[in-house]
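**Student:**
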Amino acid sequence: MGKCRGLHTARNFSHLGTALTANPFGGTSHAKRIVLKKVGEMCQCSAHQEWQKITGFVPSDGCLNSIKENDDILVAGFGCKGHVVKVASVFLLALYKGKKERPRS
15 MGKCRGLHTA
25 RNFSHLGTAL
35 TANPFGGTSH
45 AKRIVLKKVG
55 EMCQCSAHQE
65 WQKITGFVPS
75 DGCLNSIKEN
85 DDILVAGFGC
95 KGHVVKVASV
105 FLLALYKGKK
115 ERPRS
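Each residue of the sequence shown is one higher than the last, beginning at 15 in this note's numbering.
Rendered as structure tokens:
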């Protein structure tokens, strides 16, 4: 690539890829996770290979009943409260309203 020219360009170049590795989603907007346990109106989940644990907020009142441990969920958003969007590849809002049923696995 060549020599870094400027006062802070060498530091900026060395810290270029750390934002993606420190992010629990890895730079993406959604992440697929496995539910470890349910805490209050949230569920604590972990990735398939990674060591990072995040807590996903479960919207609506009775949606937590349709989530079980070791389920695959899709989490959107960022921070410690990512929002759960899908459970077992079915939208959570459709399960809550009764438009779709949970697939048998």
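All residues carry an ideal CB built from backbone N, CA and C; glycine is no exception.
Treat the numbers as computed from the prediction; the structure is a model and nothing was measured.
Could you tell me whether the stretch 69-76 touches the stretch 95-102, using the rule of 3 or more Cβ pairs below 8 Å?
**Tutor:** Between the stretch 69-76 and the stretch 95-102, the count of Cβ pairs shorter than 8 Å is three or higher; the stretches touch.
**Student:** So for K51, helix, strand or coil by DSSP?
**Tutor:** Residue numbering aside, residue 51 sits at position 37 when the sequence shown is read from its first letter. Correct three-state label for K51: strand.
**Student:** Using a 10 Å radius around the Cβ and a threshold of 16 neighbouring Cβ atoms, would you call R47 buried or exposed?
**Tutor:** By 1-based counting over the sequence shown, the position of residue 47 is 33. Buried is the call here.
**Student:** In the DSSP assignment, find the unbroken beta strand (DSSP E) run with K17 in it and report its ends.
**Tutor:** The count along the sequence shown starts at 1 and reaches residue 17 at position 3. Per DSSP, K17 belongs to no beta strand (DSSP E) and is neither H nor E.
**Student:** Measuring straight from C-alpha to C-alpha, what distance separates V130 and D85?
**Tutor:** With the chain running from 15 to 119 in the structure shown, residue 130 is simply not present.
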